[in-house]
Amino acid sequence: MTRNQIPLWEVFIRPRNGLAHKHCGSVHAADEVMALQAARDVYTRRGEGTSIWVVPSAAITASDPENKAENFEPALSKVYRHPTFYEIPEEVGHM
Numbered sequence: 001m002t003r004n005q006i007p008l009w010e011v012f013i014r015p016r017n018g019l020a021h022k023h024c025g026s027v028h029a030a031d032e033v034m035a036l037q038a039a040r041d042v043y044t045r046r047g048e049g050t051s052i053w054v055v056p057s058a059a060i061t062a063s064d065p066e067n068k069a070e071n072f073e074p075a076l077s078k079v080y081r082h083p084t085f086y087e088i089p090e091e092v093g094h095m
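In this text, residue positions in the sequence shown follow my numbering: the first is 1, and each later residue adds one.
See the structure below:
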């Protein structure tokens, strides 16, 4: 099996509970078990992280950056989603 035949896996690591997983790189591996082992060995050498996700690169679909306006501009018309729309009571203090 050559390097070109070994699937590429994207690696996401959650640094600690309560935080989102973040993409940290890619590994080549024959299956998901080997991808998890490779990701652990490469990206968590110092004990960082509480969870690892590996996803086949071929399974990821991304938007085209040229469609930015089409994908993200509608959010600007929804002012109720912006935190400035709400008034915070004095007793709440600093958020």
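Each residue gets a CB set at the ideal place from its N, CA and C atoms; glycine is no exception.
By DSSP, does residue i sit in helix, in strand, or in coil?
i: S63; result: coil
Since residue i contacts residue j with CB under 8 Å, what's their CB separation in whole angstroms?
i: V114; j: L36; result: Here the chain has residues from 1 to 95 only, and residue 114 is not among them.
i: E48; j: S26; result: That pair is no contact at about 18 Å.
Could you tell me whether the Cβ atoms of residue i and residue j are closer together than 8 Å?
i: S51; j: H21; result: yes
i: A39; j: I6; result: no
i: I13; j: Y43; result: yes
Let me know the beta strand (DSSP E) ranges lying completely inside the stretch 2-40, each 3 residues or longer, listed in chain order. 8-14, 22-28
For the stretch 59-68 and the stretch 15-25, state whether three or more C-beta atom pairs, one from each stretch, are separated by less than 8 Å. no
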